[in-house]
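First comes the structure, then the notes that go with it.
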Amino acid sequence: MNASKVVGHRKTPRTPAEFYALGARLDRELSVVRPFERKRGFVFKARTWDELAQWESQRLIKEHRQRHQ
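Everything in the sequence shown is counted per my numbering, starting at 6 for the first residue and increasing by one.
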């Protein structure tokens with residue numbers, strides 16, 4: 006059960022600086038809760054389905070080895 010009480014409404018950000026400040030605050034809160042490092046995204050463009058399957062299998066093998074060292 007949630008013991009906190011909410012009164013009123015949160016003011017929505019209006020300027021880009023306010024949105025940035027809200028995002029930064031949420032990132033700080035998440036870094037306390039989240040026990041692992043945040044992964045950075047990237048784009049991999051495979052020419053064929055076989056190339057994509059090979060890349061995914063190599064990535065899984067690499068991640069498995071890193072976890073079990």
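For every residue, glycine included, the Cβ atom is placed at its ideal position computed from N, Cα and C.
- DSSP places Arg30 inside the alpha helix (DSSP H), whose first and last residues are Pro21 to Val38.
- Looking at the backbone, the Cα of Arg45 and that of Gln74 are separated by about 22 Å.
- For Ser62, the enclosing alpha helix (DSSP H) stretches over residues Trp54 to Arg72.
- In this structure, Leu31 and Pro18 do not form a Cβ contact; the two beta carbons are roughly 12 Å apart against a cut-off of 8 Å.
- CA-CA distance, Leu65 to Ala58, rounds to 11 Å.
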